[in-house]
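First residue of the sequence shown: 26, per this note's numbering; consecutive thereafter. The beta carbon of each residue, even a glycine, is placed where N, CA and C say it ideally should be. Here the structure is a predicted model, which is why all the values come from computation and not from measurement. Some notes on the structure that comes next.
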Amino acid sequence: MWLSSDKKIATLDKDGKVTAIKEGQATTTAKVEGTDLTTTCKVNVTKKVEENKNNAILSISLVNGATKEYDVSMQEVEKFINWFEERSNGKASSLYPFNKKINPYKTVEKYIEHHKIASFEAREYEGNDK
Numbered sequence: 026m027w028l029s030s031d032k033k034i035a036t037l038d039k040d041g042k043v044t045a046i047k048e049g050q051a052t053t054t055a056k057v058e059g060t061d062l063t064t065t066c067k068v069n070v071t072k073k074v075e076e077n078k079n080n081a082i083l084s085i086s087l088v089n090g091a092t093k094e095y096d097v098s099m100q101e102v103e104k105f106i107n108w109f110e111e112r113s114n115g116k117a118s119s120l121y122p123f124n125k126k127i128n129p130y131k132t133v134e135k136y137i138e139h140h141k142i143a144s145f146e147a148r149e150y151e152g153n154d155k
């Protein structure tokens, strides 16, 4: 048996699948019928985060003075920043791959080495998700 402490926040079906109704907090309870066995779980319902569909020019300045620019989605910018921070803490690969479309090739994968990056910036612009 499945129960919700507040059906205005979240409901449960017969299999225990939770459906969010509106923002708030509810406690779900699972009870094994014919026994005293129960367990609970707090459910926090929050607003859906809208995905950023904008793009950016990610400009990476290298220690040798060269600059590499990539036209990428904002999700790719976030991935790059996460990789950069993880690598700075010694937890990620030293290389970050970028896929570019260069004719006549189907794809070209280029790599940036973490230790060669002096700085980077992302210039966001409105566009479609890449």
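Assuming residue i and residue j form a contact by the criterion Cβ under 8 angstroms, report the distance between their Cβ atoms to the nearest whole angstrom.
{"i": "Val-133", "j": "Lys-125", "result": "5 angstroms"}
{"i": "Ala-55", "j": "Thr-63", "result": "7 angstroms"}
{"i": "Asp-27", "j": "Gly-49", "result": "It should be noted that the sequence gives Trp, not Asp, for residue 27. Not a contact, Cβ separation roughly 18 angstroms."}
{"i": "Tyr-21", "j": "Ala-81", "result": "Examination of residue 21 is not possible in this model, given that the chain is present from 26 through 155 alone."}
{"i": "Ser-84", "j": "Glu-94", "result": "5 angstroms"}
Where does residue i land, buried or exposed, given buried means 16+ other C-beta within 10 angstroms?
{"i": "Glu-101", "result": "buried"}
{"i": "Thr-71", "result": "exposed"}
{"i": "Val-74", "result": "exposed"}
{"i": "Leu-120", "result": "exposed"}
{"i": "Tyr-130", "result": "exposed"}
{"i": "Asp-154", "result": "Residue placement at Asp-154 is flagged as unreliable, the pLDDT there being 49, under the threshold of 50; the coordinate-derived value follows with that caveat. Its Cβ having fewer than 16 others within 10 Å, Asp-154 is exposed."}
{"i": "Ile-34", "result": "buried"}
So which of the options has the shortest CA-CA distance to residue i?
{"i": "Lys-47", "options": "Trp-27, Lys-32, Ala-143 and Ile-137", "result": "Lys-32"}
{"i": "Val-88", "options": "Val-57, Glu-111, Glu-138 and Pro-129", "result": "Glu-138"}
{"i": "Lys-78", "options": "Thr-92, Glu-103 and Ser-84", "result": "Glu-103"}
{"i": "Cys-66", "options": "Glu-110, Thr-36, Thr-60 and Leu-83", "result": "Thr-36"}
{"i": "Pro-122", "options": "Asn-128, Gly-115 and Ile-106", "result": "Ile-106"}
Report yes if the C-beta distance between residue i and residue j is below 9 angstroms; otherwise report no.
{"i": "Ser-86", "j": "Phe-145", "result": "yes"}
{"i": "Val-68", "j": "Thr-92", "result": "no"}
Is residue i near the ligand SAH - that is, is its Cβ less than 8 angstroms away from at least one heavy atom of it?
{"i": "Tyr-121", "result": "Here there are no bound small molecules, and the ligand SAH is not part of this structure."}
Ignoring anything shorter than 3 residues or poking outside the segment 59-89, list the beta strand (DSSP E) runs there in chain order. 63-70 and 80-87
Report the start-end ranges of each alpha helix (DSSP H) in the segment 82-140 that is 4 residues or longer and not cut off at the edges. 99-113
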